[in-house]
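Enquirer:
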Amino acid sequence: MQSITILGATGSIGVSTLDVIARHPDRYRVFALTANSRVEDLAEQCIRFRPEVAVVGSALAASQLSERLKSAGLTTHVDFGEQALCDVASAAACTTVMAAIVGAAGLASTMAAAHAGKKILLANKEALVISGQLFMDAVAASGSILLPIDSEHNAIFQCLPLNYQRQPGNHGIRKIVLTASGGPFLDRDVATLDQVTPEQAIAHPNWSMGRKISVDSATMMNKGLEVIEAHWLFGAAPSQIDVVIHPQSVIHSMVSYADGSVLAQLGNPDMRTPIAHALAYPDRIESGVDSIDLTKIAQLNFRPPDYQRFPCLKLAFDALYAGGSAAAVLNAANEIAVEAFLDRQIGFRRISELIDTVLNRMPAEPVTDLDSVLAKDRSARLLASELLHH
Ligand code: NDP
Numbered sequence: 092m093q094s095i096t097i098l099g100a101t102g103s104i105g106v107s108t109l110d111v112i113a114r115h116p117d118r119y120r121v122f123a124l125t126a127n128s129r130v131e132d133l134a135e136q137c138i139r140f141r142p143e144v145a146v147v148g149s150a151l152a153a154s155q156l157s158e159r160l161k162s163a164g165l166t167t168h169v170d171f172g173e174q175a176l177c178d179v180a181s182a183a184a185c186t187t188v189m190a191a192i193v194g195a196a197g198l199a200s201t202m203a204a205a206h207a208g209k210k211i212l213l214a215n216k217e218a219l220v221i222s223g224q225l226f227m228d229a230v231a232a233s234g235s236i237l238l239p240i241d242s243e244h245n246a247i248f249q250c251l252p253l254n255y256q257r258q259p260g261n262h263g264i265r266k267i268v269l270t271a272s273g274g275p276f277l278d279r280d281v282a283t284l285d286q287v288t289p290e291q292a293i294a295h296p297n298w299s300m301g302r303k304i305s306v307d308s309a310t311m312m313n314k315g316l317e318v319i320e321a322h323w324l325f326g327a328a329p330s331q332i333d334v335v336i337h338p339q340s341v342i343h344s345m346v347s348y349a350d351g352s353v354l355a356q357l358g359n360p361d362m363r364t365p366i367a368h369a370l371a372y373p374d375r376i377e378s379g380v381d382s383i384d385l386t387k388i389a390q391l392n393f394r395p396p397d398y399q400r401f402p403c404l405k406l407a408f409d410a411l412y413a414g415g416s417a418a419a420v421l422n423a424a425n426e427i428a429v430e431a432f433l434d435r436q437i438g439f440r441r442i443s444e445l446i447d448t449v450l451n452r453m454p455a456e457p458v459t460d461l462d463s464v465l466a467k468d469r470s471a472r473l474l475a476s477e478l479l480h481h
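Numbered by my numbering, the letters in the sequence shown go through residues 92 to 481 in order.
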């Protein structure tokens, strides 16, 4: 029986995780659920899944949740703040952590799970992008099992040799090929991109996701973050990672081998598949997702990405090649820019311009510990916020 903490339970990944868990009460029980501000959603999840602990973002939210749970007759312990997130991610009573907080806000708790040797289901790609080697070192030192939730990385994991995790190395791997849908603006006239609204940007053609990752998909920064994520997860050199646009999102990613074989994982675009895979690994369980019917899909299309249309993808590759603090700076500037776009402070094309300027003003420097990474994250946020008002 796995005892699970879901960091970010009220989000898109959190809700899909609970959907899979509910199908297998014999295998999984919920130890802790966390949210930031959506108290009512979290209360309903607590009433249904009866966790031992629930964590929210503020003292006010905690007192509202406590009231609500008490009146429903629950004894769930309610806490708030970053330390409480770290506590539920590293508690002895928890075996498995779904890391599904969005953005850098999830870094400390995901890191706490890594230090505590938990089985980590990693959705929060930003945490790995920021902390890179430090996170992978923590996983290796504690003996954590790290399983990717991002559908692309989960697909790659499934296409890698069985002994890959125990003996990382070449294994005849030529390339890791990440597929990308291209998002809602794949065929839109580039000259009109500055007129797009947040509503249009978050209307993803294939996937239903949170707001931030949806904008990242529209700029293709999401794919850029995934390139960096793939580098760390699979020990792949930047030149070994390719991106191909595949608008149907049926092939979730591929591994190309020295003998000319290309292995791909296919499925409907539903995050319950990678979630069920990682929860049950190495077993296979029912996820609620139907198998794809290839005769109905009829066509699979592919094309190379266009850096004119998607400058964020190029910025991410450049940051990966630059190494050191560059990826943390890229991520921080992106979080500020996306928030400003969602708040209608800047146009869509300004997102990449802002990140580019921040990266130019903060050249890559070596980072040796989490404090220096976090200092870079803070400086990049500050600089990006200042630039917003110029
Ligand atoms: P959502 O925005 O839907 O959910 C985010 C979750 O994090 C919510 O539970 C939210 O709480 C919580 N949260 C937000 N800010 C904070 C904070 N400051 N402190 C603590 N908790 C916080 O995001 P998604 O589920 O879409 O994405 C989560 C992660 O998974 C991201 O890193 C994303 O890149 C990754 N991912 C998502 C995919 C998807 O299909 N959605 C696919 C692959 C990866 P509240 O509800 O109270 O705001």
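The C-beta atom is built at its ideal place from N, Cα and C for all residues, glycine as well. Given the structure is predicted, the values throughout are model-derived calculations rather than measurements.
Measure the CB-CB distance between Q331 and K266 and report whether it falls below 8 Å.
Expert: Against a cut-off of 8 Å, the Cβ pair of K266 and Q331 comes out as a contact.
Enquirer: Who pairs with M345 in a beta bridge, going by DSSP?
Expert: Answer by DSSP bridge pairing, in chain order: V268 and A355.
Enquirer: Measuring alpha carbon to alpha carbon, tell me which of Q399, L156 and A232 ends up nearest D166.
Expert: Looking at the sequence provided, one finds Thr at residue 166 rather than Asp. Comparing Cα-Cα distances from T166 to each of Q399, L156 and A232, the minimum goes to L156.
Enquirer: Applying the 10 Å Cβ sphere with the 16-neighbour rule, what's the burial state of V268?
Expert: Classification for V268: buried.
Enquirer: Spatial neighbours of E377 within its chain, please: C-beta separation below 7 Å, excluding the five flanking residues on both sides.
Expert: R114, listed in sequence order.
Enquirer: Return the bridge partner residues of F171 from the DSSP annotation.
Expert: Bridge partners of F171: V147.
Enquirer: Alpha carbon to alpha carbon, how far is S470 from F408? Give it in angstroms, no decimals.
Expert: Each residue's Cα considered, the two are about 21 Å apart.
Enquirer: Among the candidates D307, L316 and N254, whose CA atom is the shortest distance from the CA of A218?
Expert: Nearest of D307, L316 and N254 to A218, Cα basis: L316.
Enquirer: Check for me: the alpha helix (DSSP H) holding R363 runs from which residue to which?
Expert: R363 -> alpha helix (DSSP H) spans R363 to A371.
Enquirer: Quick check: is any heavy atom of the ligand SAH less than 7 Å from the C-beta of A214?
Expert: Among the ligands present in this structure, namely the ligand NDP, the ligand SAH is not found.
Enquirer: Once DSSP output is grouped into helix, strand and coil, what is the label at K210?
Expert: Of the three classes helix, strand and coil, the one that applies to K210 here is strand, per DSSP.
Enquirer: Given a cut-off of 8 Å on the beta-carbon distance, is the pair I437 and L479 in contact?
Expert: Against a cut-off of 8 Å, the Cβ pair of L479 and I437 comes out as a contact.
Enquirer: Just how far apart, CA to CA, sit P244 and D462?
Expert: Per the sequence shown, the amino acid found at residue 244 is His instead of Pro. Cα to Cα, the separation comes out at about 28 Å.
Enquirer: Mark Y119 as exposed unless 16 or more other C-beta atoms lie within 10 angstroms of its C-beta, in which case mark it buried.
Expert: It counts as buried.
Enquirer: Cβ of N245 within 7 Å of any heavy atom in the ligand NDP?
Expert: The answer is no for N245.
Enquirer: Am I right that D241 and A271 are in contact with their C-beta atoms under 8 Å? What's the rounded C-beta distance?
Expert: Not a contact, Cβ separation roughly 12 Å.
Enquirer: Could you check the C-alpha separation between V353 and D333 for me, to the nearest Å?
Expert: Rounded to whole angstroms, V353 to D333 spans 13 Å at the Cα level.
Enquirer: Pick from I336, I342 and F122: whose alpha carbon is nearest that of S181?
Expert: Of the listed residues, the one whose Cα sits closest to S181 is F122.
Enquirer: Helix, strand or coil, according to DSSP, for Y119 in the structure here?
Expert: Strand.
Enquirer: So L278 is in the alpha helix (DSSP H); what residue range does that whole segment cover?
Expert: Residue identity check: residue 278 is Asp in the sequence provided, not Leu. That residue, D278, is in no alpha helix (DSSP H); it is neither H nor E in DSSP.
Enquirer: Using beta-carbon positions only, say whether S416 and V380 come within less than 8 Å of one another.
Expert: No; because the gap between Cβ atoms is not below 8 Å, this pair is not in contact.
Enquirer: Would you kindly report the start and end of the unbroken alpha helix (DSSP H) that includes V464?
Expert: Segment L461 to L479, the alpha helix (DSSP H) holding V464.
Enquirer: Mapping DSSP to helix, strand and coil, what is P239?
Expert: Correct three-state label for P239: strand.
Enquirer: Would you list the residues sitting across from A190 in a DSSP beta bridge?
Expert: In DSSP, A190 forms a bridge with L98 and L213.
Enquirer: Output the distance between the C-alpha atoms of T448 and A455, rounded to the nearest integer angstrom.
Expert: Going from the Cα of T448 to the Cα of A455 covers about 13 Å.
Enquirer: Return the CA-CA distance between L225 and N422, expressed in angstroms with no decimal places.
Expert: When rounded, the distance between both Cα atoms is 16 Å.
Enquirer: Could you check the C-alpha separation between I388 and I342 for me, to the nearest Å?
Expert: Distance between the alpha carbons of I388 and I342 is about 12 Å.
Enquirer: Is the segment 170–179 close to the segment 199–216, with three or more CB pairs under 8 Å?
Expert: Yes, since at least three Cβ pairs between the segment 170–179 and the segment 199–216 fall closer than 8 Å, the two stretches touch.
Enquirer: If I112 sits next to I95, beta carbons under 8 Å apart, how far is it from one beta carbon to the other, in whole angstroms?
Expert: Confirmed, Cβ separation roughly 7 Å.
Enquirer: Closer than 7 Å: is that where the CB of S103 sits relative to any heavy atom of the ligand NDP?
Expert: Indeed, a heavy atom of the ligand NDP lies less than 7 Å from the Cβ.
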